[in-house]
Every structure is written in structure tokens, then in C-alpha cells.
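Residue numbers (my numbering), protein chains in the order written: chain A, 1 to 259; chain B, 260 to 560; chain C, 561 to 960. All residues carry an ideal CB built from backbone N, CA and C; glycine is no exception.
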Amino acid sequence: MTLALPRTAPDQSPLAIRGLTVSYGEQPVVFSIDMTVQDGAMTAIIGPNGAGKSTLLKAALNIVKPLSGRITVYGQPLAQQAHRIAYVPQRASVDWDFPTEVLDVVLMGLYRDLGLLGRVRAHHIRQARDCLARVGMEDFADRQIGQLSGGQQQRVFLARALAQKADLYLLDEPFAGVDAATESAIIDVLKSLRAEGKTVVAVHHDLSTVRAYFDNVFLINRRKMGEGPIAAAFTPETVQATYGGRLADGQISQLTMGA
Amino acid sequence: MGDEFVILSLAPLLIGICAAVACALPGNFLLLRRQALIGDAISHVVLPGIVVAFLVTGRIAAWPMMLGAACAALVAVLLIETIRRLGRVDAGTAMGVIFTSMFAAGVLLLEQSDTSSVHLDVEHALYGNLESLIWLDATGWSSLLDPRALAGLPPELPRMALTLLAVSVAIRIFWRPLKLATFDEGFARTLGIPVQVLSLGLVVTAAIAAVAAFDAVGSIIVIAMFICPPAAARMMTNRLSAQICWSVAFATLSAILGYVLAGYGPLWLGGTDAVSAAGMIATVSGLILAGVAVIGPHRTA
Amino acid sequence: MLLDALLLQIGYNATLVTLGSAALGLAAGATGTFLFLRKRSLVADAVSHATLPGLALAFMLMVALGGDGRNLAGLMAGSALSAWIGLLSVSWLTRRTRLAEDAAIGAVLSVFFGFGIVLLTVVQTLSAGRQAGLESFLLGSTAGMLFSDAILIAAGGLLVLASALALRRPLLMVAFDPGFAETQGIDIHRMDLAIMTLVMAITVVGLKVVGLILIVALLIIPAATARFWSNRADRVVLLAGLFGGLSGYIGAAISATAPGLPTGPIIVLTGFAVFTASLLLAPGRGVLSAALRHRSHQRQVHLRQGLLALAQDQPVYEALTRRLLRRNGLQRADGVPTSEGHSRAAAALRDETRWQALRSSAHLSELSARDDGLTLILDVLTPDQIAELDRRIATAPGTA
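Pasting the structure below:
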């Protein structure tokens, strides 16, 4: 039956979640979630609006406080492994009117190296510029962040995550409201991360690109609706169960079978 | 600019500048965090703080009263947070409930206690007494090198200078995490930055500046300096470090111009008596803000 | 003594003050609700502090014209004018610059007040030898309140109240959903201006009694208190009026019983006491009932997750879950489920499996939105529908 756990050893997994429940008020937004992220793969978290995708990610990072549940990162508690995680929040979650420049934002990714009073040296700047170059934003280093387009803002956030040199990348809706060029630039970077052996988990909302972009899916609608490699877990049945009556049958089989 | 200036104006001018800058520095971060009115709340609760300190110690002494005021500010901030979270009330309302109630309690305590023998009243807490902080032991500029005369400086001056130093050092040390947590709190959390401690630390720093300043210049100037120089500075630049510099410049300018206008303005207009220096400093900071709002290079987003 | 005061038995002046304060509290509470629901409570703080320059200028003007500087109506007119300018400044700064409203409020509040203090010191030097007494407007003063003053305050308060009630429908619509209100042909800007005008009127009316620093409390506290007791906007307005009126009445009565009990602060503190009691004790939104609900919700979640783990022979990770299972007699100390534990775990798993089946059912899947992990499917479906699900489960391949 579908409730069975995937038997990937949790102590090997970059991110293993057990029995996670988060409530806003008296309403669980995610209920009793078990998730085991596969090392070195790209995983999409998909589900309808309000299904708890972002909440799951934020609870995994301890940004929101769960009601119950246990989270391990590479087999150890989150606090000890936090330096191995890079988080790319939703673009809309910050104030883009903040008085700062693009390079400054990327340098924030080096906070663990710099500490409170460490001087920003030439090699830090070079590192930050390299990260900007990887997302195609090297010419924008001195730009005020308020002047960027949505896609450019998203790339800056990704560059900041790259600067963290993490092993696990957690992205919240990285493709929401960005132009096509940005979308392909971001996916190229994510695929290059995978090629380096890093693990990528992204909240994703576009079912038509799941197959092309990701290796694994995690389907969620308040509870876990499926988990595993695309071929096994991204089926008409699981998508139907996740989205309920919101998608037409023909649409679903078209999406899940691939072009 | 003779000896008279040194005796009558040098100390109040310096105290005014230190107070203005010490409040403007944390004000920059409060402004960016949309917490500008925390300054308003803090300066209102200073009154109950000093009254309680007076009732406990039974005398008017600077340090216990500053401690009392700082405690009151901390209590106010914690109560505001508690009400906001537990009662699900918006931040503005929570502030309005707490600071008015605590201010009312302060007035009541003041009326109930016998303070007729000491100089402690609401007007003083509101607009201070900058003009009276004169340097009686001075004889002229040479007194700046005379240890005996220096010992006679109004104690508010070293106190305010020390506060300014402490505030500046604190902001410098925590510059990086403050900036990060102000811009992107969720990301800051994932870096292990203790966001809530930092936020409370900022408010405590602001409270220390406010408490040290109120004694010399009163609450009103404190609110004005928390908000007006940073707000004007935000409209001058899009870089945080430049914004801080502009706010320091605007605060200094307000203090100098305000003090001079209050002291000499009425004389130029043919009057005989000076007007409130604290009030005039706040007024000048408002005029600067208005000017920048009209012509500032980055006045709109 | 207090009882006498509450029954208006301790003198003409006390009665005057008590009734005037009650009228003021009633009007301020109801009017402040619109501001509160619009989440702009502290605009009132800017408005009230901005009255000071007008107060001082009106005094100077009246003296210059040879009149009595302390004429209450004249002072009210002056303070209304400068509050109006303060209000326009807040709105101008918010709309024309990048500054947020809180910064605009703080700037206007402190600058106008500072300028007012400058003018007060001018007044003091101008009328040397003649006590202007304008300082009493900072904290309010009811000593020596005239009958005409009381009438002015009560009438002004009731006039504001009537206007607020007349406008309540569009005002509430703007507070609840400005976008929708606009499609209904309501001019949001004009409604905001209307709220602010009423707030300004209350401020001016209340200056004499509670003073300009504390008047904002009368606008905010009753509304915030009322919100704990009702989720319906029109009822919040009524309750806020009631709480405001009561605070004014009781506060003024207490203040009349002894010297050294200033009216304004006592009214504010009475309101605050009612607020605190409501915050803690109100059913629904009160802290105590919310904490109890949260606790029981957390237990429910843990118990359910524990039962599902038992049913599937999975380890129970969390101490709280284990404790709850044990305390409810579902699991023994050595971790083995009791017989009741077995049966309830099986029931929980059956419920879970039925929900699962429901999602893939063509005509019932709409109901899956009601699955929050805690709702029992027995409460959602008819026995016939459940029987249908069970048939589907029995025939489905690979189901345990």
C-alpha cells in the first residue's frame, strides 16, 4: 500500500524528515510527513496551491516551528549540519527596497566565512563575482537591488546560495514569475550542481517541466501523496490523488507520460 | 565665539550632538525594519521607569534612573511582543495599547508620590532641559586643557559621549548580521544567526540611547532623532553605509542649528528670551526631512 | 466613596466630568474601531501630537486680538487646524516618497510636537505674569471644568459618534477589503480621509479631559479589547463603544474619589485593565482558551501519529507521543501496544486507507480537501459511501 516508507537509509540522506506536522492555528497545513531526500539527485516538491510545499521546506529549516516531527541532515540534527545547507527563499519574502547592491547580497552567502568582523578581502569579492558569473549576472554587481527585474532578483538569490558552497540546496519556487531565459539559466546551474554531486530540492509548480528538470518527485497535499524517481512516482494515479479534481484526466496523462 | 560661548553653549551643544547621533544610529535599522515607532514607544515609557526608580531609591540620581528607564523600555518591548503574538493584534495597536498605558501609570505614580521637594515632572521628561547644562567652571577656551575646570563639566556630557561610543561600537560589531537579518530574516535564520536575540538587542541599544538622551534633551527630541535623520538619509542614497553617514550628518546639523536658533533666533527677531532648544532641534530635523522629501535624489522607490 | 462616585453622588463638578468622560469614551471607542480595523491605529498618535502647535498659535492669536486665550472653542479650532496639517503631511510623505507610513507617523508626531513645545515656550514668555496653563492640555485637566466645556465635549463626542455610525457601512467595507470596496464605487481615499477627520475631531474634543498624549489610548484600547469578544465587525464597533464609555465613566468616577488621581491616566488604566482581562479570558481569541486549544490540538496530532506508527510497526520517535500513548493505555512501558492500542491503531489505519481511496475515487475526490489528518472520514461520508470505498479498497491491487 502507498503508506509504506521508501527504504532509503535515513542516516545517509541529505535531508530525512519523520512524522512532521505543522499547524497554523488548529489547522494542520502539513500532516505527518515522512520524506527521505536522495543524495546527489534533484527532487521536485509538487502539489496544488496551499498544499504545504513552502511550509514543509521552512519547517525542515526550522524557520517555522513544527508541532511534531524529527529532522536529520546527513544523519545528524539540523543545528550541527546547517552549514551544509543553502536556502533560496521565495523572491517575494524580502524587501527589495532595502538599500544595498547586488554584490553585497551575494557576499551575504559568505557570512559563515566572514563572521562578525572579518574583513572582506579580494578573494571574497572574486568568489562572489564568480557566483554572479555562473548565473549570468556579472555585469550587475554594482546595481541597486531595487532596479532588478524578477528574474534577475531570482538569479541573485541563486548566486548567494552558490557562494555558500553547500552540499544541499533548498529552493522555494525558484521558477515562479521569472522569464524563460532566467528559467533555463537557473536549471543549467542546478544541473551543474548535481554534476558536482550536490543535492537539490526545489518547490516546483509547473507540472509540464517536472520530467525534464528533475530526477525525483515528492508529491504533497497536506500529507505525502507519493515519493520516488519520476518514472515510479510521477504517475497519473499519484498526480490525480494529489491534485484531486483540479486537473482533467487527459491533462494528467499528457503531463506525466512526457512529450 | 568667545569665553561666553564656552561657558554657556559648548556643553549643551556637544550633549545635543551626541544625543542626536546616538539616537539616529539605531534609528536607521528601526526604520528599515518598519519599527520606526518603537522609538516612540520607548520614549513614552521612560517616564514610568524613572518614577519607579525614584520611588525605589528615594532620590534623584542619574544611574538608578537610567537603569529604571532601561528596564521600563525592556518591559514595554516584551509586553508589546507578547500582546502582538498571543492576542493576534497588529504591531501598531499593540504599541499604542502598551505605551499609553505605561505612560498613564507613570503620571499616576508621579501624582501619588511626594515629588514636591525634587525636580521631577512630566514636562521635564518630555522636553528636557538642555539650556541649563552650562559649564560654570570654564573661563574660556583654555579651560579645555585645565583638569580642574574639566572636572566641573556637566556630568551629562561624559555620560552622553560614553553612550554614543557604546552605541557606535555595538552597531559596528553587529553590522553584518544586523544588515542580513534586516534584509532577509528567513535566510539569516538558516545561517544560524539568532534573529530574535539580535532584534531584541537592537531595541535595547535604542533604549539605552533614548534613556541617556531623555535626561538631557527630553523624549520628544529622542523620537525625532530616531526617525527624521534616518528617514531623510534613506532618500539621499541607496547604500546602507552611506545612509548611516547621511543620518549622522543630518542629526549633527539638526542639533547645531536647532540649538543656535533656539538660543539666538528670538534675539535676532527682537525677542528677549530663548525658546526650547529640544523643540527647536526636533523642528529643524523636520525641516531637513521636508526638504529632502522634495529634492532628495532617491526620494521615491 | 467609590460607590457614591459611580452613582454621581459626590458633587456637581464630579458628575459633570464623569458624564462628559463617558460620552467621550463612547464616541472614541466606536470611532477608533474603524482605525483599528484598518490597521492604522497609530495615525491617531500623529494626529494628537500635531494638535500642540495649533493650540499654542490659537492662544497667541486670541490674546493678540484682545480676547481670552483660554477659550476652549478657540483652542479646539486651532488644534483641529494643525492636526489637519499633520494628517496631510503623513499622507503626503507616504504617497510621494518611499517612506513607509510608520516613519511618516513618527516624523510628523515628533516634529509637530517639538515645534509645539517651541511655541509653548514663546507663550510662556509672552504672557509672563499671566498663567496660560496650556501645559494642562498635555495630560488633560478636569479641575475647574465649566458646564459649557462639558456640554461642548459631550455634544462634540455625540456628533462624531453619529457621523461614524452613519458612515459605518462604507467604512467597514474599506477596512475589510479595500479592493472590493473600490469595485462597489466607494472612494477609498475619501473614506480614509473621513475616518481621519472623525479621529481628529475626537482628539480635539478629548484634549481637555485626557490630554493629547493619552487621547490615542481612548481610540485604540477599546477597539482592541472589543476584538477579543467578537468576530463581527459591526458588533466590534458596538462593544468598543461600550468598553470606551465604561472606561470613561468608571475612570472618571474613581478619579473623583481622591486627590492625586488624575482623570486622564485613570481612564486609560481602567481601559487597560479591561483589555488585559479580555486578552487573557475572552473565549475564542483569548490567550487562555487559545493555549488550551493549542495543547489539545498538539496532543491530538501526536496521538494520531503514534497510532499510525503502531499500526504499521514503525518506531515512535518522539517522547511526547510515547508518553501520550502510554497515558491513554494504548502502549505498555516496554513499547508493546495493548489490546486497546491494537484496535484503535487498526481503526486509525482503516480511516487513513479510506481517505487514500477517496482521493482516487472519481466522484468523491472533491472531499479530500477536508482531510487534515485529524478529521475522521466517518464524519464526512455516509455509510453507503464508506461501503463503496471499502469495496474499492478490497478490489484494488497491492493493498494491504
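Worksheet item: What in chain B is Cβ-close to residue 100 of chain A, meaning under 9 Å?
Response: Residue 100 of chain A sits at position 100 when you count from the first residue of the first sequence. The answer, in chain order, is 438, 442, 497, 498, 499.
Practice prompt. Have a look at residue 489 of chain B and residue 221 of chain A and give me their C-alpha separation to the nearest angstrom.
Written response: Position 230 of the second sequence holds residue 489 of chain B. Position 221 of the first sequence holds residue 221 of chain A. Each residue's alpha carbon lies about 46 Å from the other.
Fill in: Amino acids of chain A, ordered along the chain, whose beta-carbon sits closer than 7 Å to that of residue 435 of chain B
Locating residue 435 of chain B in the second sequence gives position 176, counting from the first residue. In chain order: 111, 114, 116.
Item to complete: Per DSSP, which residues does residue 16 of chain A bridge with? Please list them.
Response: Against the first sequence, residue 16 of chain A aligns to sequence position 16. Beta-bridge pairing links residue 16 of chain A to A:36, A:72.
Worksheet item: Can you find a C-beta in chain B that's less than 7 Å from the C-beta of residue 662 of chain C?
Response: Taking the third sequence and counting its residues from 1, the one referred to as residue 662 of chain C is at position 102. Output row for residue 662 of chain C: interface = yes.
Fill in: Proximity below 7 Å, CB of residue 727 of chain C to CB of residue 754 of chain C
Reading the third sequence from its first residue, position 167 is the one you call residue 727 of chain C. Reading the third sequence from its first residue, position 194 is the one you call residue 754 of chain C. Yes. Within cutoff.
Item to complete: Could you tell me the distance, in whole angstroms, from the CA atom of residue 414 of chain B to the CA atom of residue 387 of chain B?
Response: The residue given as residue 414 of chain B occupies position 155 in the second sequence. The residue given as residue 387 of chain B occupies position 128 in the second sequence. Residue 414 of chain B and residue 387 of chain B: Cα-Cα distance of roughly 15 Å.
Practice prompt. Evaluate residue 342 of chain B with the Cβ neighbour count: other Cβ atoms within 10 Å of its Cβ, from every protein chain shown; 16 or more gives buried, anything less gives exposed.
Written response: As a working note, residue 342 of chain B is residue 83 in the second sequence. It is buried - the Cβ of residue 342 of chain B has at least 16 other Cβ atoms within 10 Å.
Worksheet item: Near residue 639 of chain C, what residues of its chain come up, given a Cβ to Cβ distance below 6 Å and the 5 sequence neighbours on each side ignored?
Response: Numbered from its first residue, the third sequence carries residue 639 of chain C at position 79. Same-chain partners within the cutoff: 611, 614, 615, 764.
Discussion item. If you reduce the DSSP assignment to three classes, tell me which class residue 216 of chain A lands in.
Written reply: Here residue 216 of chain A refers to the residue found at position 216 when the first sequence is read from its first residue. Strand at residue 216 of chain A.
Discussion item. Strictly below 8 Å CB to CB, what residues from chain B border residue 845 of chain C?
Written reply: Along the third sequence, one-based indexing puts residue 845 of chain C at 285. In chain order: 346, 347.
Item to complete: Can you pull the chain D residues whose beta carbon is under 9 Å from the beta carbon of residue 108 of chain A, in chain order?
Response: Annotation note: the requested chain D is absent from the structure, which comprises protein chains A, B and C.
Worksheet item: Is residue 354 of chain B buried or exposed, if buried means 16 or more other CB atoms sit within 10 Å of its CB?
Response: Numbered from its first residue, the second sequence carries residue 354 of chain B at position 95. Looking at its Cβ environment, which holds 16 or more other Cβ atoms inside 10 Å, residue 354 of chain B is buried.
Practice prompt. Please go through the same chain and pick out, in chain order, the residues whose beta-carbon is closer than 7 Å to the beta-carbon of residue 463 of chain B, but skip the five residues on each side of it.
Written response: Translated into positions along the second sequence, residue 463 of chain B becomes position 204. 333.
Worksheet item: Going by DSSP, which residues form a beta bridge with residue 964 of chain C?
Response: Any answer about residue 964 of chain C is impossible in this case: the structure gives chain C only from 561 up to 960.
Worksheet item: If residue 677 of chain C sits next to residue 535 of chain B, beta carbons under 8 Å apart, how far is it from one beta carbon to the other, in whole angstroms?
Response: Here residue 677 of chain C corresponds to residue number 117 of the third sequence, with the count starting at 1. Here residue 535 of chain B corresponds to residue number 276 of the second sequence, with the count starting at 1. The Cβ separation is near 5 Å, so the contact holds.
Discussion item. So the candidates are C:832, C:575, C:920; which of them puts its Cα closest to the Cα of residue 244 of chain A?
Written reply: Looking up residue 244 of chain A in the first sequence gives position 244. Residue C:920 is the option with its Cα nearest to residue 244 of chain A.
Practice prompt. Output yes if chain A places a C-beta closer than 7 Å to the C-beta of residue 486 of chain B; else output no.
Written response: Your numbering for residue 486 of chain B matches position 227 in the second sequence. Not one chain A Cβ lies under 7 Å of residue 486 of chain B.
Worksheet item: Which value, in whole angstroms, describes the spacing of the CA atoms of residue 906 of chain C and residue 438 of chain B?
Response: Here residue 906 of chain C refers to the residue found at position 346 when the third sequence is read from its first residue. Here residue 438 of chain B refers to the residue found at position 179 when the second sequence is read from its first residue. Distance between the alpha carbons of residue 906 of chain C and residue 438 of chain B: 53 Å.
Worksheet entry | Inter-residue spacing [alpha-carbon to alpha-carbon] between residue 657 of chain C and residue 840 of chain C | On the third sequence, position 97 is the one that residue 657 of chain C refers to. On the third sequence, position 280 is the one that residue 840 of chain C refers to. Roughly 40 Å separates the two Cα atoms.
Practice prompt. Compare the C-beta of residue 229 of chain B with all C-beta atoms of chain A and state if any pair is closer than 7 Å.
Written response: The question about residue 229 of chain B has no answer here: the residues shown for chain B are numbered 260 through 560.
Discussion item. Can you find the residues in the same chain that come closer than 8 Å, C-beta to C-beta, to residue 771 of chain C, ignoring five residues on each side of it along the sequence?
Written reply: Indexing the third sequence from 1 puts residue 771 of chain C at position 211. Taken in chain order, the residues that qualify are 696, 697, 698, 699, 700, 701, 824.
Worksheet item: Roughly how many whole angstroms lie between the Cα atoms of residue 564 of chain C and residue 595 of chain C?
Response: Translated into the one-based positions of the third sequence, residue 564 of chain C becomes position 4. Translated into the one-based positions of the third sequence, residue 595 of chain C becomes position 35. Going by the C-alpha atoms only, they are around 36 Å apart.
Discussion item. For the pair the stretch 793-809 of chain C and the stretch 667-687 of chain C, tell me if three or more CB-CB distances fall below 8 Å.
Written reply: no
Worksheet item: Going along chain B in order, which residues have a C-beta closer than 7 Å to the C-beta of residue 822 of chain C?
Response: Position 262 of the third sequence holds residue 822 of chain C. Neighbours of residue 822 of chain C on chain B, chain order: 366, 367, 370.
Worksheet item: Checking contacts by CB at 7 Å: is residue 241 of chain A closer than that to chain C?
Response: For the purposes of this step, residue 241 of chain A is taken as the residue at position 241 of the first sequence. Cβ-Cβ to chain C under 7 Å: yes for residue 241 of chain A.
Worksheet item: Taking the alpha-carbon positions, what's the residue 794 of chain C to residue 589 of chain C distance?
Response: In the third sequence, the residue the question calls residue 794 of chain C occupies position 234. In the third sequence, the residue the question calls residue 589 of chain C occupies position 29. Separation of residue 794 of chain C and residue 589 of chain C (C-alpha to C-alpha, rounded to the nearest whole angstrom) is 13 Å.
Practice prompt. Indicate whether the contact test is met: 3 or more Cβ pairs, each with one atom in the stretch 301-317 of chain B and one in the stretch 552-560 of chain B, closer than 8 Å.
Written response: no
Discussion item. Assuming contact is defined by CB atoms lying nearer than 7 Å, are residue 662 of chain C and residue 295 of chain B in contact in what I supplied?
Written reply: Residue numbering aside, residue 662 of chain C sits at position 102 when the third sequence is read from its first letter. Residue numbering aside, residue 295 of chain B sits at position 36 when the second sequence is read from its first letter. Taking 7 Å as the Cβ cut-off, residue 662 of chain C and residue 295 of chain B qualify as a contacting pair.
Worksheet item: Under a CB-based cut-off of 7 Å, is residue 351 of chain B close to chain C?
Response: If you number the second sequence from 1, residue 351 of chain B lands on position 92. It does: the Cβ of residue 351 of chain B has a partner Cβ on chain C nearer than 7 Å.
Worksheet item: In the DSSP assignment, what are the bridge partners of residue 224 of chain A?
Response: To locate residue 224 of chain A, count along the first sequence from 1; it is residue 224. Residue 224 of chain A is bridged to A:220.
Discussion item. In this structure, how does DSSP classify residue 46 of chain A when only helix, strand and coil are distinguished?
Written reply: Sequence index remark: in the first sequence, residue 46 of chain A carries index 46 (1-based). Note: residue 46 of chain A maps to strand in three-state DSSP.
Worksheet item: Would you report the Cα separation of residue 785 of chain C and residue 797 of chain C, rounded to the nearest angstrom?
Response: Walking along the third sequence from the start, residue 785 of chain C turns up at place 225. Walking along the third sequence from the start, residue 797 of chain C turns up at place 237. The straight-line gap from Cα to Cα measures roughly 11 Å.
Item to complete: For residue 29 of chain A, I'd like the list of residues in its chain whose CB is within less than 6 Å of its CB, leaving aside the five on either flank, ordered along the chain.
Response: One-based indexing of the first sequence puts residue 29 of chain A at position 29. Here the set comprises 22, 52, 55.
Worksheet item: Under three-state DSSP, which class holds residue 31 of chain A?
Response: Within the first sequence, numbered from 1, the residue matching residue 31 of chain A stands at position 31. Note: residue 31 of chain A maps to strand in three-state DSSP.
Worksheet item: Can you list, in chain order, the residues of its chain whose CB lies under 8 Å from that of residue 748 of chain C, leaving out five sequence neighbours each side?
Response: One-based indexing of the third sequence puts residue 748 of chain C at position 188. Contacts found: 734, 738, 741, 742.
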